[in-house]
Structure formats: structure tokens, C-alpha cells
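Data first, discussion second: the structure below is written as C-alpha cells.
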Amino acid sequence: ILNVEQSPQSLHVQEGDSTNFTCSFPSSNFYALHWYRWETAKSPEALFVMTLNGDEKKKGRISATLNTKEGYSYLYIKGSQPEDSATYLCAFISGTSYGKLTFGQGTILTVHP
Amino acid sequence: SQTIHQWPATLVQPVGSPLSLECTVEGTSNPNLYWYRQAAGRGLQLLFYSVGIGQISSEVPQNLSASRPQDRQFILSSKKLLLSDSGFYLCAWSVRRVDNTGELFFGEGSRLTVL
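First to last, the protein sequences are chains L and A.
All residue numbers for the first sequence refer to the working numbering, where the first residue is 1 and numbers rise by one.
All residue numbers for the second sequence refer to the working numbering, where the first residue is 1 and numbers rise by one.
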């Protein structure tokens, strides 16, 4: 069983704050890591697909880094806005999972105006 | 453009009754298809995975089953529901790629309550 952990479980920040959270995954047999954003009453949507150690991806105010050697990825949100409130999920693909994703439990972010 | 539809959106069923959730994808061919479940307070758990018609991989032993009668249709079924089957079910698809790193595109979800 693959262990994918996200921390913190939930986070409350004020509008304008920058924040970050962590996804930990097995450091052996890494293949890919995904980040998804899941807003209330909507479907999860992909933010990033990361495959290389040292990868840094950015989409607007959101960015992610990847360290496959130590088995973690960080998601950063700069200048949080209320519309960033959502559950952020990471998902790990191992080299033997044939493309199947194992999800973490998610970090619930609430941005207060 | 590609779209994915899943229904019904909400379902309340008695214990022991059958279940059928359906998912269809439009605008693409040969997708990988998935059924995930989110139980209360838990992350997304992969239930079934399909790379083609009639090809189903079951990830978790349970009283659920899945079928793929057509290339872009994925059905989740049960003959007799248990209380523990309650949860939020998500269908998803991904582009079939050689490197198997394609992102998932999710349906709207189905909330099942078993009483």
C-alpha cells in the first residue's frame, strides 16, 4: 500500500497571506506526482503534473516544487484570495502502478476576506 | 472538447438494494477510465481502473463491480448495497499515453447514502 500524506489537514488564512502545504510520498520508485484543486460543488481539476526531481511549476499565483529523492512536494499560494478556498489534493504514481494514482487525504484551505 | 458526465448526482438506497452508477465520456477515444470513492473524512480511494472495453482492474475487494460495455462508458454496480458503501463516487478519465502520466478529468460525482 502506497502512503501519500498531506499536511496540514486544514488551514485558515487571511486574504493576502501567502501559504504553503506539503505532500509526502515514497521516495523509491517515483514516477509522477499530480496536484489537484477541488472546490466545493465542483469536480477536482488538475493543477500540475510533475515528473522530474527539482521540477518547479507555476500557474498564476500558485506554484509547486518537487523533491523525488526525499519524497515531498510543496504547493505555494502567493497572496491568497477567497476564491483559492478549496481542498488541494496530491496524487502519486509509482513506477509499478501503471498510471494509477494514489491520492493523499487533501489539505482544506479557507481564505477569509 | 472532451466532456464527462456522471449520473445520478444523488442517490438514497436501502441496505440490500442494487446500485448502478453510469459515466460517459465524449470527445475522445480509448480513454483510461476510473471509479474513485471518497468516504467521510477520507481521501479519494481508487476502486476500479479500465484501459479498454471489458478490461477492468479491481483495486479494493468489496461488493462493488464495474463494467465497460463501450469504449467511453463505465458503469459501477452492486447487487446488494452495504451501509459502508455510502460515500461520494467520482468517475474520471485520462488520455491513454505511453508514459501513463496523464492528468485525470473528473465527473460531477454521485453522492450515495445507504440507509
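All C-beta atoms, glycine included, are put in the ideal place defined by N, C-alpha and C.
These numbers come from a predicted model, not from an experiment.
- Residues of the stretch 34-65 of chain L with a Cβ closer than 7 Å to any Cβ of chain A, in chain order: 34, 43, 44, 46, 49 and 51.
- Residues of chain L whose Cβ lies closer than 9 Å to the Cβ of residue 49(A) are, in chain order, 98, 99 and 100.
- A residue is called buried when at least 16 other Cβ atoms come within 10 angstroms of its Cβ; residue 83(A) does not meet this threshold and is exposed.
- What residue 16(L) touches in chain A, judged by beta-carbon distance under 9 Å, is nothing: the nearest beta carbon there is about 29 Å away.
- Residue state for residue 29(A) is assigned as coil, using DSSP reduced to three classes.
- The beta carbon of residue 79(A) sits closer than 6 Å to those of 18, all from its chain and outside the five residues before and after it, given in chain order.
- In this structure, residue 25(A) and residue 2(A) form a Cβ contact; the two beta carbons are roughly 7 Å apart against a cut-off of 8 Å.
- Of all C-beta pairs linking the stretch 84-92 of chain A to the stretch 34-48 of chain A, three or more are shorter than 8 Å, placing the two stretches in contact.
- Neighbours of residue 25(L) across chain A, judged by C-beta separation under 9 Å, do not exist; the nearest C-beta is about 13 Å away.
- Shown in chain order are the members of the stretch 65-98 of chain L whose Cβ falls below 9 Å from a Cβ of chain A: 89, 91, 93, 97 and 98.
- Within the stretch 34-80 of chain A, not a single complete alpha helix (DSSP H) segment reaches 4 residues in length.
- When C-beta distances to chain L are compared with 7 Å, every residue of the stretch 60-79 of chain A stays at or above that value.
- In the DSSP annotation of this structure, the continuous segment of the beta strand (DSSP E) that includes residue 111(A) starts and ends at 110-114.
- DSSP, read as helix, strand or coil, puts residue 83(L) in helix.
- Closest in alpha carbon position to residue 31(A), among 22(A), 100(A), 115(A) and 109(A), is 100(A).
- With its beta carbon less than 8 Å from one in chain A, residue 103(L) belongs to the interface.
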